[in-house]
Amino acid sequence: MSKHWFHSSIVYQIMPDRFHIGNNLTIHEKITQGLYPHHSIPKNWDELPEDKQEENNYHFYGGDLAGIIEKLEYIQHLGANVIYLTPFFRSNT
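Written out as structure tokens, the structure reads:
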């Protein structure tokens with residue numbers, strides 16, 4: 007592979023929580039299973055963000071790596087050949 011592979015790349019950027027929930031789960035099921043903090047505010051995919059930034063820190067949509075894997079064929083169909091995941095890390099929110 008050429009060291010300049012990125013010159014011909016099409017990048018698809020994903021914020022994992024906002025992309026797709028995998029394993030046929032819902033955000034409510036994931037909160038019940040303890041995968042999110044008890045103070046989480048589950049949001050539906052079609053809900054617009056609110057103006058109160060401090061509350062937005064606790065909004066979760068449930069997207070995960072399993073959801074990204076389930077959509078790899080779709081992303082490839084769009085023409086993308088590189089996926090960039092927005093940085094994610096363990097935090098209080």
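Letter by letter, the sequence shown follows residues 7 to 99 in our numbering.
Positions of the beta carbon are idealized from the N, C-alpha and C atoms, including for glycine.
Euclidean distance between Cα positions of residue i and residue j
i, j, result
"I74", "Q19", "11 Å"
"Y67", "H83", "24 Å"
"Y64", "G85", "33 Å"
"N29", "W11", "33 Å"
Continuous alpha helix (DSSP H) stretch holding residue i: start and end
i, result
"I81", "78-83"
"I20", "It is not in any alpha helix (DSSP H) - I20 instead sits in the beta strand (DSSP E) that spans 17-20."
"E35", "33-38"
Residues near residue i in its chain [Cβ-Cβ closer than 6 Å; skip 5 each side]
i, result
"V88", "S15, V17"
"Y90", "V17, Q19"
Burial state of residue i (16 or more Cβ within 10 Å)
i, result
"F25", "buried"
"K49", "buried"
"D52", "exposed"
"G40", "exposed"
Residues that residue i bridges to, as DSSP identifies them
i, result
"F66", "P48"
"Y90", "Q19"
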